[in-house]
Amino acid sequence: MADSKPLDRIKSRLSPEAYQRLAAIQNPELHAFVAKYVEICNPARIFVCTDSEEDKAFIREEAIRSGEERPLKMPGHTLHYEHYDDQGRDKEHTKFLLPPGVDLGPDIGAMDKEEGLAEIHGILKDIMKDHTMYILFFTLGPTNSEFSIPAVQITDSPYVAHSEHLLYRSGYEDWRRLGEKARFFRFVHSEGELDERKNSKNLHLRRMYIDNENSTVYSTNTQYGGNTIGLKKLAMRLAIFRAEKEGWLTEHMLLMGVHGPAGRVTYFTGAFPSMCGKTSTAMIPGETILGDDIAYLFKKNGRVRAVNVEKGMFGIIEGINSVDDVIVWKALHSPGEIIFSNVLLCEDGTVYWNGKDGPVPERGYNHSGEWWKGKKDAKGKEIPPSHKNARFTLDLSLLENVSPRLHDPEGVEPAGFIYGGRDSDTWMPVRQAFDWDHGIITMGAFLESETTAATLGKEGVREFNPMSNLDFLSVPIGRYVGMNLDFGKGLTHPPAIFGVNYFLRDLETGKWLNDKTDKAIWLKWMELRAHGDVGAIQTPVGYIPKYEDLRRLFKEVHGKEYTKEDYVKQFSLRVPQFLAKTRRVMEIYRTTVANTPPVLFQVAEAEIARLEKARAEHGDIIPPDKFPVVA
Ligand code: OXD
Ligand code: MN
Numbered sequence: 000m001a002d003s004k005p006l007d008r009i010k011s012r013l014s015p016e017a018y019q020r021l022a023a024i025q026n027p028e029l030h031a032f033v034a035k036y037v038e039i040c041n042p043a044r045i046f047v048c049t050d051s052e053e054d055k056a057f058i059r060e061e062a063i064r065s066g067e068e069r070p071l072k073m074p075g076h077t078l079h080y081e082h083y084d085d086q087g088r089d090k091e092h093t094k095f096l097l098p099p100g101v102d103l104g105p106d107i108g109a110m111d112k113e114e115g116l117a118e119i120h121g122i123l124k125d126i127m128k129d130h131t132m133y134i135l136f137f138t139l140g141p142t143n144s145e146f147s148i149p150a151v152q153i154t155d156s157p158y159v160a161h162s163e164h165l166l167y168r169s170g171y172e173d174w175r176r177l178g179e180k181a182r183f184f185r186f187v188h189s190e191g192e193l194d195e196r197k198n199s200k201n202l203h204l205r206r207m208y209i210d211n212e213n214s215t216v217y218s219t220n221t222q223y224g225g226n227t228i229g230l231k232k233l234a235m236r237l238a239i240f241r242a243e244k245e246g247w248l249t250e251h252m253l254l255m256g257v258h259g260p261a262g263r264v265t266y267f268t269g270a271f272p273s274m275c276g277k278t279s280t281a282m283i284p285g286e287t288i289l290g291d292d293i294a295y296l297f298k299k300n301g302r303v304r305a306v307n308v309e310k311g312m313f314g315i316i317e318g319i320n321s322v323d324d325v326i327v328w329k330a331l332h333s334p335g336e337i338i339f340s341n342v343l344l345c346e347d348g349t350v351y352w353n354g355k356d357g358p359v360p361e362r363g364y365n366h367s368g369e370w371w372k373g374k375k376d377a378k379g380k381e382i383p384p385s386h387k388n389a390r391f392t393l394d395l396s397l398l399e400n401v402s403p404r405l406h407d408p409e410g411v412e413p414a415g416f417i418y419g420g421r422d423s424d425t426w427m428p429v430r431q432a433f434d435w436d437h438g439i440i441t442m443g444a445f446l447e448s449e450t451t452a453a454t455l456g457k458e459g460v461r462e463f464n465p466m467s468n469l470d471f472l473s474v475p476i477g478r479y480v481g482m483n484l485d486f487g488k489g490l491t492h493p494p495a496i497f498g499v500n501y502f503l504r505d506l507e508t509g510k511w512l513n514d515k516t517d518k519a520i521w522l523k524w525m526e527l528r529a530h531g532d533v534g535a536i537q538t539p540v541g542y543i544p545k546y547e548d549l550r551r552l553f554k555e556v557h558g559k560e561y562t563k564e565d566y567v568k569q570f571s572l573r574v575p576q577f578l579a580k581t582r583r584v585m586e587i588y589r590t591t592v593a594n595t596p597p598v599l600f601q602v603a604e605a606e607i608a609r610l611e612k613a614r615a616e617h618g619d620i621i622p623p624d625k626f627p628v629v630a
């Protein structure tokens with residue numbers, strides 16, 4: 000920017016306090032950015048937020064005063080709605096703005112940068128003329144940590160600002176400390192014009208445009224968190240881009256402590272596509288949570304360090320009940336700051352969501368307006384009480400299983416990485432890779448999952464989703480797989496890699512083969528394996544548990560009898576399915592992915608050869624006892 004004093008350009012629009020707050024951060028690039036978007040968006044008022052409780056309270060009050068949230072009976076609880084057609088991530092209109100000559104491949108939405116910038120700046124012009132602009136400062140990752148990234152969010156939605164206070168660490172003081180050194184991410188969001196229900200109404204102008212080179216993301220005419228909360232899925236794309244340049248990883252991963260024998264706590268990360276068990280795994284009773292969505296992974300002195308980018312949870316509420324989700328259930332029924340979105344408001348002032356304990360109410364109010372049992376939408380489809388992608392937003396400190404290491408600036412060292420998708424017919428419930436490359440390739444890079452309501456579009460379609468991260472990739476897939484493979488090099492203590500599947504069905508009856516709570520057992524087994532405390536069975540696709548170890552764990556953890564019959568059904572190797580999957584995904588890498596590391600094909604071919612050999616010896620479906628036990 001030619002102007003050396005950008006703050007002075009907008010001084011007349013700022014209160015003395017707001018001016019002072021911006022000036023106290025000595026970062027000319029920040030000042031130029033803020034001035035530019037004040038001039039373009041032309042807000043009616045500007046609020047610059049610090050880390051103080053008073054400022055956070057102001058944002059909360061604004062959310063209610065504006066009508067974007069309404070208070071519920073329980074102290075601290077509020078309710079928010081989005082437009083009926085604005086209930087998930089809009090993949091179609093989420094695009095990278097690419098300079099000429101840059102290509103991210105056919106799976107990643109992109110457009111010409113100049114064209115995209117012109118379009119988005121046109122949309123942003125005067126968009127805040129009736130709104131307050133909130134300017135917020137955060138750190139992605141713990142404050143005062145070498146692993147964290149500073150971020151600034153401009154938004155005119157107090158709901159978005161409020162959500163970010165629950166989900167991210169306030170970073171105004173960190174920004175002041177860093178001054179010019181802050182290599183920051185920046186986000187500009189406007190919900191645009193609102194209808195009488197305070198919902199974005201110009202959905203035809205819903206856009207999420209990502210400019211990697213300038214670490215900037217624009218989001219317009221939408222309110223759904225996955226499209227608007229800049230620090231969540233939008234920042235993730237910027238972080239992947241930066242991570243590639245610097246040799247670290249940004250992953251769609253939970254982070255948790257699994258409690259082993261004699262008080263041992265072992266840390267795990269876990270990558271699952273949206274709505275495939277990531278949050279419920281991180282919330283398993285008896286274990287501790289550090290995060291349920293996004294982790295940064297670094298190498299330091301030959302070891303992996305992991306931090307949760309967030310400090311809160313934007314969780315899916317559907318199906319949460321008092322039996323399966325004891326800890327969240329308790330938090331959702333206690334006073335504390337929680338935003339519920341797109342659930343049913345009942346006549347008695349409480350909320351109801353699909354799958355909650357108790358009878359379905361006869362009527363109420365939800366994302367479709369007045370609601371009654373049997374109500375249909377414009378397409379004739381019955382509207383459930385709450386949206387399938389309805390959410391709750393809270394600070395992890397409201398959960399009794401929060402880890403004391405959550406804010407550790409050094410992060411934690413994971414002993415295992417877990418990859419899992421929604422797979423009805425192939426993967427067994429849990430298995431361990433032979434080594435780093437085998438795990439990254441056959442469990443991470445070959446992950447497929449059936450689509451869910453977290454994104455707009457058809458559900459239940461099997462999709463290729465490497466590391467559960469496809470929706471957020473900002474570098475071409477082949478290079479991203481390469482980053483993951485390279486990350487393992489030079490590690491003195493590489494994490495063990497596991498693949499899990501909570502969604503396996505019986506081949507004949509189509510029935511689920513596992514209970515929701517079985518995942519607690521797989522975690523305990525992985526914890527023991529990460530320390531070499533139990534042996535395993537070596538199959539062509541990795542190590543699987545021995546029956547007696549699982550039987551003991553089921554008994555100890557759930558007091559449950561685990562039968563050999565169940566074990567054999569769950570852990571038999573389904574050779575035709577594994578072969579088909581391996582070939583299907585190899586074909587994708589061969590035909591649509593540029594620069595796939597050659598080792599991917601070698602490892603997959605070797606797996607195919609092992610599968611073919613096993614089939615020749617034992618047939619299509621091979622029970623575990625046909626394979627050798629190893630230490
Ligand atoms: C999320 C998602 O909200 O992945 O975490 O959609
Ligand atoms: Mn997610």
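Counting from 1, position 629 in the sequence shown corresponds to residue 628 in numbering that gives the first Met the number 0; the numbering is continuous, with no gaps. Glycine is no exception: its CB is placed at the ideal position from the N, C-alpha and C atoms.
query = Does the region 418-436 touch the region 512-525, meaning 3 or more C-beta pairs lie closer than 8 Å?
reply = Here the region 512-525 makes contact with the region 418-436; the two share three or more CB pairs at distances below 8 Å.
key: Outcome for R583 when other beta-carbon atoms lying within 10 angstroms are tallied against a minimum of 16   = With fewer than 16 Cβ atoms within 10 Å of its Cβ, R583 is classed as exposed.
I417 - partner residues in DSSP beta bridges = Beta-bridge partners of I417 (DSSP): G269 and F497.
ask   = Under the rule that 16 or more other beta-carbon atoms within 10 Å means buried, what is T491, buried or exposed?
value = Around the beta-carbon of T491, fewer than 16 other beta-carbon atoms lie within 10 Å, marking it exposed.
request  = Within its chain, find whatever has a CB closer than 7 Å to the CB of R175; leave out the 5 residues flanking it on each side and keep chain order.
outcome  = A23 and I24.
ask   = Thinking just about the alpha-carbon of each residue, which of K128, L193 and E212 is nearest to the one in K112?
value = It is E212.
inquiry  = Does the contact criterion of 3 or more C-beta pairs under 8 Å hold for the region 394-412 versus the region 465-484?
reply    = Contact fails: fewer than three Cβ-Cβ distances are below 8 Å.
request  = In the DSSP assignment, find the beta strand (DSSP E) that holds G363 and state where it starts and stops.
outcome  = Bounds of the beta strand (DSSP E) holding G363 are R362 to N365.
message = Please report the distance separating the alpha-carbon of P465 from that of E16.
response = Rounded to the nearest angstrom, the two C-alpha atoms are 47 Å apart.
key: Extent of the continuous alpha helix (DSSP H) to which D485 belongs   = Segment I476 to F486, the alpha helix (DSSP H) holding D485.
query = Going along the chain, which residues put their C-beta within less than 5 Å of some heavy atom in ligand 2?
reply = Going by the Cβ distance cut-off, the answer is S273 and D292.
query = Which of helix, strand or coil does DSSP assign to N226?
reply = In the structure shown, N226 sits in a helix (DSSP, three-state: H, G or I).
message = Relative to the C-alpha of H164, which candidate in A261, E250, I134 and Y80 has its C-alpha closest?
response = For H164, the closest of A261, E250, I134 and Y80 by C-alpha to C-alpha distance is I134.
request  = On a CA-only basis, which of P575, P384, H82 and N468 is nearest E346? Give me that one, please.
outcome  = For E346, the nearest C-alpha among the options comes from P384.
Best match in K488, A389, D424 and P413 for proximity to L78 [C-alpha to C-alpha] = Of K488, A389, D424 and P413, the residue nearest in Cα terms is A389.
message = I'd like the list of long-range same chain contacts for L599, defined as Cβ closer than 7 Å, with 5 residues on each side in sequence excluded.
response = So the list reads I440, A444, V480 and Y588, once near-sequence residues are dropped.
message = Quick check: the Cα distance between R609 and G314, rounded to an integer number of angstroms?
response = So the two alpha carbons sit approximately 40 Å from each other.
Extent of the continuous alpha helix (DSSP H) run through I326 = Per DSSP, I326 belongs to the alpha helix (DSSP H) from V325 to L331.
Cβ-heavy atom distance, G318 to ligand 1, below 7 Å = No, the beta carbon of G318 sits no closer than 7 Å to any heavy atom of ligand 1.
Expected contact under 8 Å - CB spacing of I209 and F137 to nearest Å = The distance from the Cβ of I209 to that of F137 is about 18 Å, inconsistent with a contact at the 8 Å cut-off.
query = Whose CA, out of L503, W511, V411 and K387, lies closest to the CA of T454?
reply = When C-alpha distances from T454 are compared across L503, W511, V411 and K387, the shortest belongs to K387.
key: Residues of its chain near Y18, where Cβ-Cβ distance is below 8 Å and the 5 sequence neighbours each way are ignored   = Residues of the same chain with a CB within less than 8 Å of the CB of Y18, apart from the 5 flanking positions on each side, are L6 and K10 in chain order.
ask   = Once you ignore the five residues that flank I228 on each side, which residues in its own chain have a CB closer than 8 Å to its CB?
value = Spatial neighbours of I228 in its own chain (CB-CB distance under 8 Å, excluding positions within 5 residues in sequence) are listed in chain order as V159, S162, E163, L166 and F313.
ask   = Helix, strand or coil: how does DSSP classify S396 here?
value = DSSP places S396 within a helical segment (H, G or I) once states are collapsed to three.
message = Tell me whether K545, by its Cβ, gets closer than 7 Å to a heavy atom of ligand 1.
response = Checking the Cβ of K545 against ligand 1 gives no.
ask   = Would you say the beta carbon of F271 comes nearer than 7 Å to a heavy atom of ligand 1?
value = Not under cutoff, so the answer is no.
ask   = So is A1 buried or exposed if we call it buried at 16+ other beta carbons inside 10 Å?
value = Note that A1 scores 44 on pLDDT, short of 50, meaning its location in the model is unreliable; the coordinates nonetheless yield the value given after this. Classification for A1: exposed.
request  = With DSSP as the reference, label D436 as helix, strand or coil.
outcome  = If DSSP states are grouped into helix, strand and coil, D436 belongs with the helices.
query = Rounded to whole angstroms, how far is the Cβ of K634 from the Cβ of F570, which I believe are closer than 8 Å?
reply = Here the chain comprises residues numbered 0 to 630, so residue 634 is not present and cannot be evaluated.
key: Residue environment, T49, which counts as buried when at least 16 other CB atoms sit within 10 Å   = So T49 counts as buried.
key: I39 beta carbon less than 8 Å from that of K124   = Yes. Within cutoff.
request  = Kindly provide the ranges of any alpha helix (DSSP H) runs that are 4 or more residues long and lie completely inside the region 272-320, ordered along the chain.
outcome  = For the region 272-320, whole alpha helix (DSSP H) runs of length 4 or above, ordered along the chain, are 277-281.
task = Quick one: using the 10 Å Cβ neighbour count with 16 as the cut-off for buried, is E606 buried or exposed?
result = Answer is buried; the Cβ neighbour count reaches 16.
query = Fully enclosed by the region 44-101, which alpha helix (DSSP H) runs are 4 residues long or longer?
reply = Within the region 44-101, the complete alpha helix (DSSP H) runs of at least 4 residues are 52-64.
request  = Grab me the residues of E243's own chain with a C-beta within less than 7 Å of its C-beta, minus the 5 sequence neighbours each way, in chain order.
outcome  = Its chain contains V474, R478 and M482 as the residues whose beta carbon lies nearer than 7 Å to that of E243, once the 5 sequence neighbours on both sides are disregarded; these appear in chain order.
query = In terms of alpha-carbon separation, which member of Y566, L397, W352 and V101 lies closest to Y364?
reply = Comparing C-alpha distances from Y364 to each of Y566, L397, W352 and V101 shows the shortest one belongs to W352.
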